[in-house]
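Enquirer:
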Amino acid sequence: MRTAKKIPMRWLTQVVLALFLARNLYAAAGDGEWLRKVPPKDRARANPYATDPDAPVAGARIFAEHCASCHGEAAQGKPDKKHPRPNLHSDRVKQATPGELFWLLTNGSQRNGMPSWSKLPDAQRWQLITFLKSLQ
Amino acid sequence: MRLGCNYISVSAYLYIMRSVFLLLTLALALTLHAQENYFVTYSHELEEPGNLEIEAKSVTGAPKDGNAFVATALEFEYGVKTWWTSELYLDGQTTVGESTVFTGFRWENRVRPLLSEHWINPILYFEFEDINAADKAMLEVVGHDGRTNFLARNDRSEKKREVEFKLILSSNFRGWNVSENFIAEKNLAGGPWEFGYALGASRPLALAASAKPCTFCRENFALGAEMYGGLGDRHSFGLRDTSHYLGPVVTFDIPKGPSLRFSPNFGLNDNSNGFLFRFMISYEIEQFLSKLKK
């Protein structure tokens, strides 16, 4: 009769530790990881609504309609066990180029819970970015 | 009332509909608008994670030599993940001079395999439906579906447990959405695979948002068209003895409120119903579970 092989406890502990470490590394990588994915051509795109005086107000309306439920009314972010909703007053958003933010809105960061907003026309995504930049 | 056999009385149906309206009214206080562009065609837009959309999708028609009907599919759509949306449909219909019946349920799932945006974005769709032959919701047209399906009196004896797969291809460019769906459906009790298609294109009337709050701004309206129909089955693939429809679609997203959608559909051949009118109201409750916990 064949006997089942016992898995040493030490191996099991190491596997669990490795998985835990990998999970944390993955979560850390998710924090701003999208910035590394933006192609240079997209990164350099200019915001056609950057100087439009109406764009921040229109962008604020878009934000209130589509983004505030996750990011907070004042874009202050929200805690969440799985996917914390980032504060949009952060340095990362401050330093990101309009092209990078446009790429993020278009593609989302889906592993981190941020959906694609490609359903919004390009013009509205740029207006939203003008609003986000006005927060800084 | 014989719920177990898919039969309910008119008063029970009205009671359910009243309860649903109450729920929708409650939801109105917390809602935003819906996202999809069509009635039959799916685009690659999925529900945002955590959001619940409640939608009543109706179709009415008066088939030649048959009785006029109104069929409604009540839909609960939940964003499970950014790449996965799950939906439950409850179907019912009223046929003039016949009866009002609950015709079954559908459970569908849409999954996005590619996480970033591409020129063409594929979505995989899986559905199980447990409906009876009286169902007239026409959420898709497949095989040799046609006008004759609407001529028999409400027949609830034939159960249809079916699986349905769709390949959804969809693109957004310059404000336009263009979507193509390829449908394959099979009755689990037997019968060949049946095929169908749905195509749609739509665009908001204005691409930029206006600075002033307004209800009737052009950006709150989208105009489009969709076409759908059957492609026969495994034994007789093609357009012979199939039905096809074409019509414009108008969507009105009320800011901080529900979405309304209308579409007159015109049958394109003798096998189709001459005219159908589709209408829909939907409400989206953002971060539904979080609100429940509060």
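Those sequence lines, one after another, are chains A and B. This note's numbering puts the first residue of the first sequence at 1, with every later residue one more than the last. This note's numbering puts the first residue of the second sequence at 1, with every later residue one more than the last. Quick reminder that beta carbons are idealized off the backbone N, C-alpha and C, glycines included.
Closer than 8 Å is the cut-off here; do at least three beta carbon pairs connect the stretch 213 to 228 of chain B with the stretch 238 to 256 of chain B?
Expert: yes
Enquirer: For S116(B), would you say it is in contact with chain A, using Cβ-to-Cβ distances shorter than 9 Å as the test?
Expert: Looking up residue 116(B) in the second sequence gives position 116. Yes, contact with chain A.
Enquirer: Kindly list, in the order they appear in chain C, the residues whose Cβ is closer than 7 Å to that of A211(B).
Expert: Absence of chain C from the displayed structure is noted, the protein chains being A and B.
Enquirer: So, is the C-beta of P49(B) closer than 9 Å to a C-beta in chain A?
Expert: Stepping through the second sequence from its first residue, residue 49(B) is reached at position 49. By this cut-off, P49(B) is an interface position.
Enquirer: Pull up the CB-CB distance for F262(B) and Y245(B), whole angstroms please, since I reckon it's below 8 Å.
Expert: In the second sequence, the residue the question calls residue 262(B) occupies position 262. In the second sequence, the residue the question calls residue 245(B) occupies position 245. About 15 Å separates the two Cβ atoms, so there is no contact after all.
Enquirer: Assess, as a yes-or-no matter, whether the stretch 90 to 106 of chain A is touched by the stretch 53 to 64 of chain A under the definition of 3 or more beta carbon pairs within less than 8 Å.
Expert: The stretch 53 to 64 of chain A makes no contact with the stretch 90 to 106 of chain A; the number of CB pairs closer than 8 Å stays below 3.
Enquirer: Please report the straight-line C-alpha distance between S210(B) and H66(A), rounded to a whole angstrom.
Expert: To locate residue 210(B), count along the second sequence from 1; it is residue 210. To locate residue 66(A), count along the first sequence from 1; it is residue 66. For S210(B) and H66(A), the distance between alpha carbons rounds to 15 Å.
Enquirer: At 8 Å on the CB atoms, spell out the chain B contacts of S116(A), in chain order.
Expert: Within the first sequence, residue 116(A) is the residue found at index 116, counting from 1. Correct list: T82, S116 and E117.
Enquirer: Please report how far the alpha carbon of Y38(B) lies from the alpha carbon of D270(B), in whole angstroms.
Expert: As a first step, residue 38(B) is located in the second sequence; it is residue number 38 there, counting from the start. As a first step, residue 270(B) is located in the second sequence; it is residue number 270 there, counting from the start. Between Y38(B) and D270(B), the C-alpha separation is close to 24 Å.
Enquirer: Can T60(B) and F69(B) be called in contact, C-beta distance under 9 Å?
Expert: For the purposes of this step, residue 60(B) is taken as the residue at position 60 of the second sequence. For the purposes of this step, residue 69(B) is taken as the residue at position 69 of the second sequence. Yes, the Cβ-Cβ distance between T60(B) and F69(B) is below 9 Å.
Enquirer: How would you call S109(A), buried or exposed, if buried means at least 16 neighbouring beta carbons within 10 angstroms?
Expert: Position 109 of the first sequence, counting from 1, holds the residue named residue 109(A). Here S109(A) is buried. Its C-beta has 16 or more other C-beta atoms within 10 Å.
Enquirer: G175(B) touches chain A at which residues, Cβ-Cβ below 9 Å?
Expert: Counting from one through the second sequence, the residue named residue 175(B) turns up at place 175. Close partners of G175(B) in chain A (Cβ separation under 9 Å): P121, D122 and A123.
Enquirer: Output yes if chain B places a C-beta closer than 9 Å to the C-beta of E33(A); else output no.
Expert: To locate residue 33(A), count along the first sequence from 1; it is residue 33. False, the Cβ-Cβ gap to chain B never drops below 9 Å.
Enquirer: Would L292(B) pass as an interface residue toward chain A - the criterion being a Cβ-Cβ separation below 9 Å?
Expert: If you number the second sequence from 1, residue 292(B) lands on position 292. For L292(B), the answer is no, since every Cβ of chain A falls outside 9 Å of its Cβ.
Enquirer: T94(B): buried (16+ other C-beta within 10 angstroms of its C-beta) or exposed?
Expert: By 1-based counting over the second sequence, the position of residue 94(B) is 94. Burial call: buried.
Enquirer: What residues in its chain sit with their C-beta under 7 Å from that of G66(B), if we drop five residues either side in the sequence?
Expert: Here residue 66(B) refers to the residue found at position 66 of the second sequence. So the list reads F150 and L151, once near-sequence residues are dropped.
Enquirer: If you measure between the beta carbons of G200(B) and E185(B), is that distance less than 9 Å?
Expert: Position 200 of the second sequence, counted from the first residue, corresponds to residue 200(B). Position 185 of the second sequence, counted from the first residue, corresponds to residue 185(B). Going by C-beta atoms, G200(B) is not nearer than 9 Å to E185(B).
Enquirer: What residues in the stretch 247 to 271 of chain B bring their beta carbon closer than 8 Å to a beta carbon of chain A?
Expert: If the cut-off is 8 Å between Cβ atoms, the stretch 247 to 271 of chain B has P255 and K256 near chain A.
Enquirer: Which full runs of the alpha helix (DSSP H) of 4+ residues lie inside the stretch 61 to 87 of chain A, going along the chain?
Expert: 68 to 71
Enquirer: Pairing CB atoms from the stretch 141 to 161 of chain B with CB atoms from the stretch 96 to 105 of chain A, are three or more of them under 8 Å?
Expert: no
Enquirer: So, at 7 Å on beta carbons, what are the nonlocal neighbours of W119(B) in its own chain, with the 5 sequence-adjacent residues on each side left out?
Expert: Locating residue 119(B) in the second sequence gives position 119, counting from the first residue. Hits under 7 Å: S171.
Enquirer: Nearest-angstrom Cα distance between L115(B) and R111(A)?
Expert: As a position in the second sequence, residue 115(B) is number 115, starting the count at 1. As a position in the first sequence, residue 111(A) is number 111, starting the count at 1. If you take the alpha carbons of L115(B) and R111(A), they lie about 8 Å apart.
Enquirer: In the DSSP assignment, find the beta strand (DSSP E) that holds Q93(B) and state where it starts and stops.
Expert: Locating residue 93(B) in the second sequence gives position 93, where the first residue counts as 1. Counting along the chain, Q93(B) sits inside the beta strand (DSSP E) bounded by residues W84 to T95.
Enquirer: Can you give the Cα-Cα distance for A225(B) and A206(B), rounded to whole angstroms?
Expert: Taking the first residue of the second sequence as 1, we reach residue 225(B) at position 225. Taking the first residue of the second sequence as 1, we reach residue 206(B) at position 206. Near 17 Å, if we compare the C-alpha coordinates of A206(B) and A225(B).
Enquirer: Please list, in chain order, all residues of the same chain as E180(B) whose beta carbon is under 7 Å from its beta carbon, the five residues on each side excluded.
Expert: Here residue 180(B) corresponds to residue number 180 of the second sequence, with the count starting at 1. Cβ-Cβ distances below 7 Å link E180(B) to L169 and L199 in the same chain, with the five nearest sequence neighbours on each side left out; the list follows chain order.
Enquirer: Tell me the rounded alpha-carbon separation between L25(A) and S116(A).
Expert: As a first step, residue 25(A) is located in the first sequence; it is residue number 25 there, counting from the start. As a first step, residue 116(A) is located in the first sequence; it is residue number 116 there, counting from the start. Any reading at L25(A) must be qualified, since the residue scores a pLDDT of 46, below 50, and its modelled position is unreliable; no value is offered.
Enquirer: Measure how close the beta-carbons of V111(B) and L124(B) come, nearest whole angstrom, since I'm counting them as under 8 Å.
Expert: Along the second sequence, one-based indexing puts residue 111(B) at 111. Along the second sequence, one-based indexing puts residue 124(B) at 124. Going by Cβ atoms, the distance from V111(B) to L124(B) rounds to 5 Å, so yes, they are a contact pair.
Enquirer: Would you please verify whether the beta carbon of E219(B) is less than 9 Å from any beta carbon of chain A?
Expert: Within the second sequence, numbered from 1, the residue matching residue 219(B) stands at position 219. Answer yes: the Cβ-Cβ gap between E219(B) and chain A drops below 9 Å somewhere.
Enquirer: State yes or no: is the C-beta of A62(B) within less than 9 Å of the C-beta of K136(B)?
Expert: Residue mapping note: residue 62(B) aligns to position 62 of the second sequence, counting from 1. Residue mapping note: residue 136(B) aligns to position 136 of the second sequence, counting from 1. Not a contact, by the Cβ cut-off of 9 Å.
Enquirer: Check whether the Cβ atoms of A75(A) and L120(A) sit closer than 9 Å, and answer yes or no.
Expert: Within the first sequence, the letter at position 75 stands for residue 75(A). Within the first sequence, the letter at position 120 stands for residue 120(A). Taking 9 Å as the Cβ cut-off, A75(A) and L120(A) do not qualify as a contacting pair.
Enquirer: Straight-line CA distance for R85(A) to F105(B)?
Expert: For the purposes of this step, residue 85(A) is identified with residue 85 of the first sequence, where counting begins at 1. For the purposes of this step, residue 105(B) is identified with residue 105 of the second sequence, where counting begins at 1. Approximately 35 Å, taken between the alpha carbons.
Enquirer: If you measure from the CB of L151(B), is any heavy atom of the ligand PLP nearer than 8 Å?
Expert: Among the components of this structure there are no ligands whatsoever, and the ligand PLP is therefore not found.
Enquirer: Pick helix, strand or coil for R128(A), following the three-state DSSP scheme.
Expert: By one-based count along the first sequence, residue 128(A) stands at place 128. Strictly speaking, residue 128(A) in this sequence is Leu, with Arg absent from that position. Helix at L128(A).
Enquirer: Report the residue from E33(A), R43(A), A58(A) and P53(A) whose alpha carbon sits nearest the alpha carbon of K212(B).
Expert: Residue 212(B) sits at position 212 when you count from the first residue of the second sequence. Closest by alpha carbon: A58(A).
Enquirer: At a Cβ threshold of 9 Å, is R61(A) touching chain B?
Expert: Here residue 61(A) refers to the residue found at position 61 of the first sequence. Yes, R61(A) counts as interfacial toward chain B.
Enquirer: Could you spell out the range, first to last residue, of the beta strand (DSSP E) harbouring P255(B)?
Expert: Position 255 of the second sequence, counted from the start, is the residue given in the question as residue 255(B). Premise fails: P255(B) is in no beta strand (DSSP E) and is neither H nor E.
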